[in-house]
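Just so you know, the sequences run in chain order A and B. Under my numbering, the first residue of the first sequence carries the number 13, and numbering increases by one thereafter. Under my numbering, the first residue of the second sequence carries the number 1216, and numbering increases by one thereafter. Beta carbons: idealized from backbone N, C-alpha and C, even for Gly. Taking it in order: structure first as C-alpha cells, then the write-up.
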Amino acid sequence: MTDPSAEILAPQQPGFPVPPRSQRSEPFWEGCRNGRLVLPCCSACGARALRAFHVCSQCGMQALAWEMSAGRGSLYSWTVVWRAPHPGFATPYAPAVVQLDEGWWILSAVVGCAPEALRDGMSLQVEFHPASDEVSLPYFRPVRI
Amino acid sequence: MSHPFRDVAIVGVHNTAQARRLPGRHDSSSIALEAALGALSDAGIAAGEVDAVVGAASADAILELGLGPSIRRPSALGIAAILDAAALVTTGQSRVALALAGGAGVLQDTVAAPWTTPPNELVAGFGLFTAAEFALMARRHMITYGTTERQLATAAAVVRNNGHVNPEAVYYGRGPFTAEDILASPLVAEPFHLLDCATTSEGGTAIVLVHADRAKDEPRAVWILGGGSDAYGPAYTVAPVWDFSGRPGADPAGWVGARAAAASFAMAGLGPADVDVAELYDPFSFEIIRQLEAYGFCARGEGGPMVESGAIAPGGSLPVTTDGGTMSFSHAGMAAQQYQRVVRGVQQIRGECPTSQVPGAAVALCSNGGSGALFTDVLLLGPAQP
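Spelled out as C-alpha cells, the structure:
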C-alpha cells in the first residue's frame, strides 16, 4: 500500500482517452495548444458560459465571442479519484470545478499539491499539459500567497 | 377541476431476474421483452391490447409482440416515460400503454460501464465519470452545510440493508452493513467509497398503464397522484456546478428535482408529511440526503441529520428505497433502474412487497435522475383514483 499522504497530484501522462475536439470549441482548443485559456462569452451582454453556445442563455442573442482569461481562480468543488474509469488514467487525480476570477466556471483538475491539501476557495493558476500531439489540457495549480 | 391523471391507472409491473450477469442474455431488447410479458401477465392483459409503447426498446416490442400499428415513444426513460405514457392514455390516444426497459450484454470488465463515461470534449480528458460528477455536487453540499462522509455512509447502509434482505436483489444476503463498513470500503471518488456507489448489473423491467375504465374492477390498480420533471441541461458534458442556474431567480442545479416535487405535491393536494414511503433514486449515497432536502422532507442542509436520526430506515418516519435501489437491487444499464423505483412504489401501495413493506403505505414518492446528471423526475402514487 502506498501512503496516500505521500502522493502529489500530477498531470496525466499521454495515453489516456483524448477528448474529441469539436468545431464549436475550436478557439478553446487552439488556445490551450498555445498556452492561453480562451473561453466562451456573449458579446451582447457579457455573460460567461459553461461551453460554446448558439444562443446566449442570459440575453437570447446569437453573439458568441471568445475571451482570454488570466487563468486565475479559486477552487469551487473537487473530488479525488482513486479508481479510474479507464486504465489510461493514473490515480489519484483530482477533477475540480474552478471559479475563474472573471466569472467562468470551468471543469479541470488540480495538480501540484497533496489530495488532502485541497481546500474550498484555495487560489489556483492555470497551466497547460499535452494530452496528445493535437490536444493540450488546462490544469490548475495552487498559488502560494 | 378534475385531476389531470384521474383517467389512467397502473395495473401491471414486473422485474425480471436481476444479476451482475444473466446467463444466456446478450442484448438489452430480449430482457426488456421478457419484462413486458411479465408486466402484462401481472395486469391480466393480453399483449394484443397494447396500443402504445414507450422506452428505448419500444420499436422491438412493437415488432416482436405484434403490436403494429401502435404508438411508439422511444426517447424518454423512467418516470418521464411513464408520465408520457400516462398522457397518451389521458388524452385518449391510447387505452393500454406499455413502458419497458432492460440492460444486458453491454458491460465489460476492464473499463467502467459505458453509460458512466460519455466522451464529451470538455470533461473526458479529466477522467470524469458518474461517480466523479456526483462527487463534485456532493462536495459542494458538504462545504455549504457540513454534511459528513459518515452521514453519506449511513444512507448507503440503510439502502444496502434493504437489498440485503430482499431475495430479488442482486446483492441479497451481502450485508448487513454499518456506516463503518461503508467507510471501510475502498475509495472510488471522494467522498464516495465503493459501497456509496450504484452497482452495474443486468435485468429488465416493465409497467402497464390503462384507461381508468379498464381498471374499474381491479383492486390492485395504483394511481398517479402527481408527477414532474426538472432538467438543467445535457448530462455529463459540462462542469457539474451546484450553483449554476438557468432561469433568473430559479433554484440552482444542485436542487434539481425541487420544482418537480413541488409540482407533484401541488397536483396531488399533498405535502411531504403525507408521504409514507420514498422510493428515492440512489446512484450515490449523497443523492438520498440531497433529495430528502430538495423534496421538502426536511430543511435544506438537514438531510444528513435526518439520515442519522434513523428516519429513513425500516420502521422510521420515512423509509426510503425499500428494494435496495441501484446500490443493491440492480442497475441494469441506461434505463431499467430509472423505472424500478416506480415498480417498487406500486408494490408498496399494493402492500405486496415481500420485504421492507411499509404497513398501510398510502402515498409513495418515487424519483430518478440526480444532481450529477442535471435531471430529476418525481412521481407520487396512491391506492385510490384521484
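Figure out for me which residue from the options has the closest Cα to the Cα of residue i.
i, options, result
"I1294 of chain B", "B:V1561, B:F1392, B:M1216", "B:V1561"
"P1406 of chain B", "A:L136, A:T91, A:E79", "A:T91"
"S148 of chain A", "A:P32, A:E19, A:Q137, A:M134", "A:P32"
"Q137 of chain A", "A:R48, A:I20, A:E38", "A:R48"
"P26 of chain A", "A:G100, A:F140, A:E42", "A:G100"
"Q1600 of chain B", "B:S1532, B:G1441, B:L1303, B:Y1554", "B:G1441"
"A1481 of chain B", "B:A1301, B:V1374, B:E1279, B:G1443", "B:G1443"
"Q74 of chain A", "A:A64, A:S81, A:V50", "A:A64"
"A1347 of chain B", "A:Y151, A:R131, A:E139, A:A121", "A:A121"
"G1584 of chain B", "B:A1528, B:A1296, B:G1259, B:V1403", "B:A1296"
"T1305 of chain B", "B:E1494, B:D1428, B:R1559", "B:D1428"
"A1488 of chain B", "B:S1532, B:E1494, B:V1385, B:P1467", "B:S1532"
"T1492 of chain B", "B:P1529, B:V1471, B:L1252, B:A1468", "The residue asked about is misnamed: residue 1492 of chain B is Val in this sequence, not Thr. Checked all of B:P1529, B:V1471, B:L1252, B:A1468; the closest Cα to V1492 of chain B is B:P1529."
"A1276 of chain B", "B:V1321, B:S1244, B:A1579, B:A1302", "B:S1244"
"Q1308 of chain B", "B:E1517, B:F1590, B:L1424, B:G1486", "B:L1424"
"R1556 of chain B", "B:L1409, B:L1580, B:D1458", "B:L1580"
"G1158 of chain B", "B:A1468, B:V1490, B:G1486", "In the structure as shown, chain B begins at 1216 and stops at 1601. Residue 1158 of chain B is therefore absent and cannot be evaluated."
Tell me where the alpha helix (DSSP H) around residue i begins and ends.
i, result
"S1245 of chain B", "1243-1258"
"Q1171 of chain B", "A question about residue 1171 of chain B goes unanswered here, because the residues of chain B that appear run from 1216 up to 1601."
"M80 of chain A", "Here M80 of chain A belongs to no alpha helix (DSSP H); instead the beta strand (DSSP E) covers 76-81."
"T1541 of chain B", "1540-1543"
"I1277 of chain B", "1273-1279"
"T1345 of chain B", "1345-1360"
Output the boundary residues of the beta strand (DSSP E) element that contains residue i.
i, result
"H1229 of chain B", "1223-1230"
"F28 of chain A", "That residue, F28 of chain A, is in no beta strand (DSSP E); it is neither H nor E in DSSP."
"Q161 of chain A", "Coverage of chain A is limited to positions 13 through 157, which leaves residue 161 of chain A absent and any answer about it impossible."
"N1583 of chain B", "1579-1585"
"W1438 of chain B", "1437-1446"
Quick check on residue i: buried or exposed, where buried means 16 or more other Cβ atoms within 10 Å of its Cβ?
i, result
"A1261 of chain B", "exposed"
"M13 of chain A", "Confidence at M13 of chain A is low in this model, with a pLDDT of 42, below 50, so the placement of that residue is unreliable and no value is reported for it."
"I20 of chain A", "exposed"
"H1229 of chain B", "buried"
"Q35 of chain A", "exposed"
"S6 of chain A", "A question about residue 6 of chain A goes unanswered here, because the residues of chain A that appear run from 13 up to 157."
"E1364 of chain B", "buried"
"P127 of chain A", "buried"
"C1513 of chain B", "buried"
"S1217 of chain B", "exposed"
"Y151 of chain A", "buried"
"C57 of chain A", "exposed"
List the residues of chain E that residue i touches, going by C-beta distances under 9 Å, in chain order.
i, result
"G1511 of chain B", "In the structure shown, chain E cannot be found, because the protein chains are A and B."
Checklist entry - If contact means a Cβ-Cβ distance below 8 Å, which residues of the stretch 1318-1340 of chain B contact chain A? => result For the stretch 1318-1340 of chain B, which is checked against every Cβ of chain A, the residues closer than 8 Å are T1325, V1326, A1327, T1331, T1332, P1334, N1335, E1336, L1337, V1338, A1339, G1340.
Checklist entry - Are there three or more Cβ pairs, one per stretch, closer than 8 Å when the stretch 1407-1423 of chain B is compared with the stretch 1230-1238 of chain B? => result Judged by pairs of C-beta atoms under 8 Å, the stretch 1407-1423 of chain B touches the stretch 1230-1238 of chain B, as three or more such pairs exist.
Next on the checklist: When you compare the stretch 1392-1400 of chain B with the stretch 133-146 of chain A, are there three or more beta-carbon pairs, one atom per stretch, that lie closer than 8 Å?
Outcome noted: In this structure the stretch 1392-1400 of chain B does not lie against the stretch 133-146 of chain A, because fewer than three pairs of beta carbons, one per stretch, are closer than 8 Å.
Item to check | chain B contacts made by the stretch 20-35 of chain A, where a contact means CB separation under 8 Å | outcome: Under the 8 Å Cβ criterion, the stretch 20-35 of chain A contributes Q24, F28, P29, V30, P31, P32, R33, S34.
Next on the checklist: Tell me which residues of the stretch 1403-1417 of chain B have at least one Cβ-Cβ distance to chain A shorter than 9 Å, keeping chain order.
Outcome noted: So the close ones are V1403, A1404, E1405, P1406, F1407, L1409.
Checklist entry - Does the pairing of the stretch 1539-1557 of chain B with the stretch 1518-1528 of chain B give three or more beta-carbon distances under 8 Å? => result The stretch 1539-1557 of chain B is not in contact with the stretch 1518-1528 of chain B.
Item to check | Positions along the stretch 101-135 of chain A whose CB lies within less than 7 Å of some CB in chain B | outcome: Within the stretch 101-135 of chain A, the qualifying residues are F101, Y105, P107, V109, W117, I118, L119, S120, A121, D132.
Checklist entry - When Cβ atoms are compared, which residues of the stretch 87-101 of chain A fall closer than 8 Å to chain B? => result Within the stretch 87-101 of chain A, the residues whose Cβ lies closer than 8 Å to some Cβ of chain B are Y88, S89, W90, T91, V92, V93, W94, R95, A96, P97, H98, P99, F101, listed in chain order.
Item to check | Near-chain B residues of the stretch 36-66 of chain A - C-beta to any C-beta below 7 Å | outcome: Hits within the stretch, in order: S37, L62, R63.
Item to check | At least 3 beta-carbon pairs within less than 8 Å: the stretch 1351-1360 of chain B vs the stretch 1593-1601 of chain B | outcome: Not touching, per the Cβ criterion.
Next on the checklist: Measuring CB atoms only, is the stretch 1471-1490 of chain B touching the stretch 1502-1520 of chain B, in the sense that at least three cross pairs come out at less than 8 Å?
Outcome noted: The stretch 1471-1490 of chain B and the stretch 1502-1520 of chain B touch, with no fewer than 3 CB-CB distances between them shorter than 8 Å.
Checklist entry - How do the stretch 1254-1268 of chain B and the stretch 1276-1291 of chain B stand: do at least 3 beta-carbon pairs fall below 8 Å, yes or no? => result Judged by Cβ distances under 8 Å, the stretch 1254-1268 of chain B makes contact with the stretch 1276-1291 of chain B, as three or more pairs qualify.
Checklist entry - Which residues, taken in chain order from the stretch 132-156 of chain A, show a beta carbon closer than 8 Å to some beta carbon of chain B? => result Answer in chain order: D132, A143, V147, L149.
Item to check | Cβ pair count under 8 Å reaching 3, the stretch 1366-1373 of chain B against the stretch 1311-1327 of chain B | outcome: Two segments are said to touch when three or more pairs of C-beta atoms, one from each, lie closer than 8 Å; by this definition the stretch 1366-1373 of chain B does not touch the stretch 1311-1327 of chain B.
Checklist entry - Counting Cβ pairs closer than 8 Å, one from the stretch 105-114 of chain A and one from the stretch 78-90 of chain A, do we hit at least three? => result The way I'd put it, the stretch 105-114 of chain A does touch the stretch 78-90 of chain A; three or more beta-carbon pairs between them come closer than 8 Å.
Item to check | Members of the stretch 1364-1376 of chain B near chain A, C-beta cut-off 9 Å | outcome: The stretch 1364-1376 of chain B vs chain A, Cβ under 9 Å: nothing.
Item to check | Selection of the stretch 1510-1540 of chain B by Cβ proximity to chain A, strictly under 8 Å | outcome: Contact annotation: in the stretch 1510-1540 of chain B, no residue has its CB less than 8 Å from a CB in chain A.
Checklist entry - Pairing CB atoms from the stretch 1532-1543 of chain B with CB atoms from the stretch 1374-1388 of chain B, are three or more of them under 8 Å? => result Flag = yes, the stretch 1532-1543 of chain B and the stretch 1374-1388 of chain B touch.
Checklist entry - Using Cβ-Cβ distances below 9 Å, what residues of the stretch 1443-1473 of chain B are close to chain A? => result Of all residues in the stretch 1443-1473 of chain B, G1448, T1452, V1453, A1454, P1455, V1456, W1457, D1458, F1459, G1461, P1463 have a Cβ within less than 9 Å of some Cβ in chain A.
Checklist entry - Listed from N- to C-terminal order along the chain, which residues in the stretch 68-87 of chain A have their beta-carbon within a distance smaller than 8 Å of any beta-carbon of chain B? => result Within the stretch 68-87 of chain A, contact with chain B at the beta-carbon level (separation under 8 Å) is assigned to S69.
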